[in-house]
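Chemist: Below is a structure I'd like to ask you about.
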Amino acid sequence: MVPLYPSQPAPSPAERARSVLARSVPVTVATQDSTLHLLDPVCHVHPGGTVSVLLPDRHSLLEELAGGRVAATFEFTDTCPVPLRDPARSLLWIGGTLTALDHATARARALHTMRTDPDERMLDIGHGRTMAVLDPYLVVHSDTEGCHLLETGDFVRARPGPLGRGEDAWLRHLEEEHPEVLQVLAERCVAPLPLGRPRLLGVDRYGLALRFEAPDGDRDVRVPFDRPAETGDDVAERMRALVGPTRGCAPF
Numbered sequence: 001m002v003p004l005y006p007s008q009p010a011p012s013p014a015e016r017a018r019s020v021l022a023r024s025v026p027v028t029v030a031t032q033d034s035t036l037h038l039l040d041p042v043c044h045v046h047p048g049g050t051v052s053v054l055l056p057d058r059h060s061l062l063e064e065l066a067g068g069r070v071a072a073t074f075e076f077t078d079t080c081p082v083p084l085r086d087p088a089r090s091l092l093w094i095g096g097t098l099t100a101l102d103h104a105t106a107r108a109r110a111l112h113t114m115r116t117d118p119d120e121r122m123l124d125i126g127h128g129r130t131m132a133v134l135d136p137y138l139v140v141h142s143d144t145e146g147c148h149l150l151e152t153g154d155f156v157r158a159r160p161g162p163l164g165r166g167e168d169a170w171l172r173h174l175e176e177e178h179p180e181v182l183q184v185l186a187e188r189c190v191a192p193l194p195l196g197r198p199r200l201l202g203v204d205r206y207g208l209a210l211r212f213e214a215p216d217g218d219r220d221v222r223v224p225f226d227r228p229a230e231t232g233d234d235v236a237e238r239m240r241a242l243v244g245p246t247r248g249c250a251p252f
């Protein structure tokens, strides 16, 4: 696959890594004695550099954590929510030491987090889920741009994409309900238009990524925004500018 960002403004590897975590993609948590697969993980990065995750109460991993801090590796598998021939977008590994919190401490941390990042799933603490905190010492992100070993500080300070957890639903909505919008976006590509039907692979603050599935292979191209988008409302405004006033734009 040709890299997506050869000569255009692009999110940094740290930003792309933060976006993976913000999208709640499937993760495998592995320790010396336990392996846990979470399809819709509740993860948050905190200003101090730790990563919180909610774990199901009835799992051997919590028994292991009852003995204290445990070395753990988180492997996030970032796949496109649109059905593609090759849906893989990237992988994110975070290694560190994992500690379980008592429910009172966890709820206090959750309330602080929800002031800036509302997530109703945090209300499950004490009702089937327990919060654990990962203190990371290794962060690695791999995609078509390459494999990047990230400084923990860069990862913590980086901002996820403007749609956050809402990105997957937005991509599915455009794919299923507005194929005409995707065709207009394809016409905005600066590179020669590849063969095949345009599919929406992802969105970040600098633009959109489209995939064309041709008989001889896949081709990914960029449709840049005229200026960066910081919020979901910004993305909607940039989309209206791209598709034109008579075409409309799919709502969130």
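Here our numbering is used: the first residue of the sequence shown is 1, the next is one more, and so on. Glycine included, every Cβ here is placed at the ideal spot set by N, Cα and C. Computed from a predicted structure; not experimentally measured.
I need the straight-line Cα distance from L36 to L91, nearest angstrom please.
Modeler: 17 Å
Chemist: Are the beta-carbon atoms of P162 and R109 separated by less than 8 Å?
Modeler: no
Chemist: Mind the definition here: the region 118-132 touches the region 53-68 only if three or more C-beta pairs lie below 8 Å; say whether that holds.
Modeler: yes
Chemist: Runs of 4 residues minimum, wholly inside the region 81-137: which ones carry the alpha helix (DSSP H) assignment?
Modeler: Qualifying alpha helix (DSSP H) stretches, in chain order: 103-114.
Chemist: Provide the residue span of the alpha helix (DSSP H) that contains F225, from first to last.
Modeler: First-last for F225: undefined, no H or E at that position.
Chemist: Does the Cβ of G146 have 16 or more other Cβ atoms within 10 Å, making it buried, or fewer, making it exposed?
Modeler: exposed
Chemist: Tell me the rounded alpha-carbon separation between P228 and T73.
Modeler: 33 Å
Chemist: Would you say L195 and A214 are within 8 Å of each other, going by their C-beta atoms?
Modeler: In this structure, L195 sits near A214, with a CB-CB distance shorter than 8 Å.
Chemist: Going straight from the alpha carbon of H141 to that of E187, what length do you get?
Modeler: 31 Å
Chemist: So R18 and R159 are in contact, right, with Cβ under 8 Å, and what is the actual spacing, rounded?
Modeler: 7 Å
Chemist: Whole angstroms are fine: how far does the CA of L101 sit from the CA of V223?
Modeler: 44 Å
Chemist: Per DSSP, what are the beta-bridge partners of R211 in this structure?
Modeler: R199, D220
Chemist: V25 lies in the alpha helix (DSSP H); which residues open and close that run?
Modeler: It is not in any alpha helix (DSSP H) - V25 carries neither H nor E in the DSSP assignment.
Chemist: Straight-line CA distance for D220 to F212?
Modeler: 6 Å
Chemist: How about the region 41-54 and the region 115-123: do they share at least three Cβ pairs that are nearer than 8 Å?
Modeler: Yes, they touch.
Chemist: Answer yes or no: do L54 and L61 have a C-beta to C-beta separation smaller than 8 Å?
Modeler: no
Chemist: So, with DSSP's three-state summary, where would you put E63?
Modeler: helix
Chemist: Going by the beta-carbon positions, is the gap between P13 and H148 smaller than 8 Å?
Modeler: yes
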